[in-house]
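Engineer: In the numbering used here, the protein residues as written are 1 to 236. Here it is: the structure, laid out below.
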């Protein structure tokens, strides 16, 4: 229900911004091309999904400048310039390395390896709408608003609305790194003043070796990967 309301408000806000163009509508867009000095995404696939299997550092490299408003609500639907691989896969966990396994095109098994302590294992199911696959890659998306839900429901009366959304698309690159393209947009209006913005960002994570484990019985060994429930974003 919330997604339906936000989507309707988005269409209303876009229409209002078009109508308000003559009286004051600000439109900003920034869509840089894929970085020329990065290895190109490869085309290896598993069914309709790209092959992402590998182990990567969690801290990614952002190709473009990105600024976060510290007052942003968590559920605004904006990306937030976060370059953690675990977070971008929808996992609320800290990690130093992240391993991705693909037993089939419907499943991602993600293991978050922290700097210390036990690794945590998560299973993301395509059938559970944790991700989707299309021509851009393996995609995760989010939609939200900078306003409380009731404010957007009352938008036709208050003439104030805001909606934002973004999509994150993952692919492996020819050099073994993992790359992500973020497409972000937001639109809003207040009475006769409207605004809209859209942006593209690129992030890459270099491959990383798996943490070494002492032989079984060694007191310093790590316990097997634990299990957990993924609480990530839902693909729309």
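Yeah, the Cβ is synthetic: ideal placement off N, Cα and C, and Gly gets one too.
Assuming residue 237 and residue 114 make a contact with CB atoms under 8 Å, what is their CB distance in whole Å?
Structural biologist: No answer is possible for residue 237: it lies beyond the span of the chain, which begins at 1 and ends at 236.
Engineer: Between residue 168 and the rest of its own chain, which residues show a CB-CB distance below 6 Å, the 5 nearest in sequence each way excluded?
Structural biologist: If we look at residue 168 and ignore the five residues flanking it on each side, its Cβ neighbours are 88, 140, 180 and 182.
Engineer: Look at the alpha carbon of residue 163 and the alpha carbon of residue 86, and state the distance between them as a whole number of angstroms.
Structural biologist: Rounded to the nearest angstrom, the two C-alpha atoms are 25 Å apart.
Engineer: Secondary structure at residue 87, three-state DSSP: helix, strand or coil?
Structural biologist: Three-state DSSP puts residue 87 in a helix.
Engineer: Quick one: residues in its chain with C-beta nearer than 6 Å to the C-beta of residue 22, no 5 flanking neighbours on either side, listed in chain order?
Structural biologist: Reliability fails at residue 22, whose pLDDT of 41 lies under 50, so the model's placement of it is uncertain and the value that follows must be treated cautiously. Excluding sequence neighbours, residue 22 sits near nothing in its chain.
Engineer: Compute the distance between the beta-carbons of residue 34 and residue 205, then report whether it is under 8 Å.
Structural biologist: No, Cβ-Cβ distance for residue 34 and residue 205 is not below 8 Å.
Engineer: At which residues does the beta strand (DSSP E) containing residue 64 begin and terminate?
Structural biologist: First-last for residue 64: undefined, no H or E at that position.
Engineer: Pick out whichever of 105, 207, 202 and 208 has its Cα sitting closest to the Cα of residue 36.
Structural biologist: Answer by Cα proximity: 202.
Engineer: Does the beta-carbon of residue 161 have 16 or more other beta-carbons within 10 angstroms, so that it is buried, or is it exposed?
Structural biologist: Counting Cβ neighbours within 10 Å, residue 161 comes out buried, since at least 16 surround it.
Engineer: Can the beta-carbon of residue 63 be found closer than 8 Å to that of residue 177?
Structural biologist: Not a contact, by the Cβ cut-off of 8 Å.
Engineer: Is the CB of residue 50 under 8 Å away from at least one CB in chain C?
Structural biologist: Protein chain content of the structure displayed is limited to a single chain, and chain C is not contained in it.
Engineer: How far does the beta strand (DSSP E) with residue 121 in it reach, from first residue to last?
Structural biologist: Start and end: 120-125.
Engineer: When DSSP builds the beta bridges, which residues end up paired with residue 192?
Structural biologist: None; residue 192 has no bridge partner.
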